[in-house]
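Asker: In my numbering, the protein residues as written are 1 to 358.
Using N, Cα and C, we set each Cβ at its ideal position, and we do this for glycine too.
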Ligand SMILES: [Zn+2]
């Protein structure tokens with residue numbers, strides 16, 4: 001099939017729906033990477049450029065807070081709201097300069113921090129009133145700890161609000177195992193780690209009439225990287241869910257649901273390929289890119305340790321200046337390059353490398 005043609009900049013509205021539909025047809029998914037500042041955001045855009053594919057850049061609640069600055073008071077979510085807004089403007093300002101299409105998204109939002117997403121949506125509404133498009137492309141609500149009907153009722157309410165700006169909502173059904181961003185699900189009972197096709201069908205019935213949505217389904221995936229063997233990955237849950245919706249609702253589409261794979265870090269290429277073949281369009285990656293950023297910096301600090309003890313004086317002489325080793329740009333860029341390379345690998349694993357023209 002022909003490559004999808006995209007324009008550089010932030011993808012919103014119907015263009016995002018078309019992008020996900022193309023991904024399903026092309027058996028490709030996009031990496032969704034958590035960024036925490038301009039360094040990681042730029043590394044992500046550099047990866048999209050190298051992979052000739054759009055990238056999903058997302059901010060978590062604490063990632064957005066960090067983007068705003070750890071010293072800010074976050075008691076009324078101000079740091080997480082304005083940090084997310086700042087991150088979105090940073091990406092909007094530079095995406096065309098990098099020449100890449102980007103999807104702007106916020107990650108997990110549990111019930112107790114809904115005021116965070118409320119605040120970010122208000123900024124999108126303001127931006128929409130001025131420009132005709134929302135600041136962000138999509139948001140995620142993670143109400144998987146709530147009973148199903150309560151989860152879906154809150155999601156329906158939020159989707160009807162953001163659908164006015166043609167935004168997409170990502171919901172979560174079932175619990176992603178492991179720990180991320182201060183949420184620890186590592187002790188959750190094993191049967192809760194699997195979404196049922198009946199739940200996906202119910203979500204489709206509640207949300208499809210309202211607007212565009214994606215489903216983070218649990219099929220044994222976990223946040224973070226753990227020794228194998230604890231939980232068994234069952235991507236066939238995604239296939240069975242597609243079958244349930246297709247046969248019982250006569251949608252006319254092979255894959256009526258767009259799935260999101262959380263906890264992509266540490267997954268094998270075979271597991272990723274199988275999940276993508278069942279309609280996964282987005283795979284979250286965080287732990288692996290954190291490692292890819294930090295590892296080259298650790299190597300630099302180890303290798304150049306003798307040049308980092310003082311501003312003057314190193315093995316080459318007691319008065320030799322160490323400025324070029326001290327400058328954070330030197331080692332931060334090593335981190336950026338490591339993260340970019342890991343993301344390019346993710347595009348290849350997900351089958352989206354080079355499948356786009358822009
Ligand atoms: Zn997640």
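Rank 153, 321, 61 by C-alpha distance to the C-alpha of residue 311 and give the top, closest one.
Answerer: The candidate whose alpha carbon is nearest that of residue 311 is 321.
Asker: Using 8 Å for Cβ pairs, my map puts residue 101 next to residue 358. What's the rounded Cβ distance?
Answerer: Yes, residue 101 and residue 358 are in contact; Cβ-Cβ is about 6 Å, under 8 Å.
Asker: What would DSSP say about residue 22, mapped onto helix, strand or coil?
Answerer: If DSSP states are grouped into helix, strand and coil, residue 22 belongs with the helices.
Asker: For residue 356, list the residues DSSP reports as bridge partners.
Answerer: Answer is 4.
Asker: Residues with a Cβ closer than 7 Å to any heavy atom of ligand 1, in chain order?
Answerer: Any residue whose Cβ sits closer than 7 Å to a heavy atom of ligand 1 makes the list: 107, 108, 176, 180, 216, 223, 262, 263, 284.
Asker: Go ahead and pull the three-state DSSP assignment for residue 250.
Answerer: Coil, per DSSP.
Asker: Would you tell me roughly how many angstroms separate the C-alpha atoms of residue 345 and residue 51, rounded to the nearest one?
Answerer: For residue 345 and residue 51, the distance between alpha carbons rounds to 9 Å.
Asker: Could you check the C-alpha separation between residue 130 and residue 85 for me, to the nearest Å?
Answerer: Each residue's Cα considered, the two are about 15 Å apart.
Asker: Locate the alpha helix (DSSP H) running through residue 77, then write down its first and last residues.
Answerer: Counting along the chain, residue 77 falls outside any alpha helix (DSSP H), and DSSP gives it neither H nor E.
Asker: May I have a chain-ordered list of the beta strand (DSSP E) segments no shorter than 3 residues that lie completely inside the region 209-248?
Answerer: Taking only runs of at least 3 residues, the beta strand (DSSP E) segments lying wholly in the region 209-248 are 213-217.
Asker: Which value, in whole angstroms, describes the spacing of the CA atoms of residue 95 and residue 12?
Answerer: Taking the straight line joining both Cα atoms gives about 14 Å.
Asker: Leaving aside the five residues before and after residue 83 along the sequence, list all residues of the same chain whose C-beta is less than 6 Å from its C-beta, in chain order.
Answerer: Result list for residue 83: 64, 65, 67, 68, in chain order.
Asker: Looking at the strands, I want to know which residues DSSP matches up with residue 296.
Answerer: Paired residues: none, contrary to the question.
Asker: Helix, strand or coil for residue 203, going by three-state DSSP, please let me know.
Answerer: In this structure, residue 203 counts as helix in the three-state DSSP scheme.
Asker: For the pair the region 29-45 and the region 332-340, tell me if three or more CB-CB distances fall below 8 Å.
Answerer: The answer is yes - the region 332-340 touches the region 29-45, with three or more Cβ pairs under 8 Å.
Asker: Less than 9 Å separating the beta-carbons of residue 223 and residue 172?
Answerer: No, the pair does not count as a contact, with Cβ atoms beyond the cut-off.
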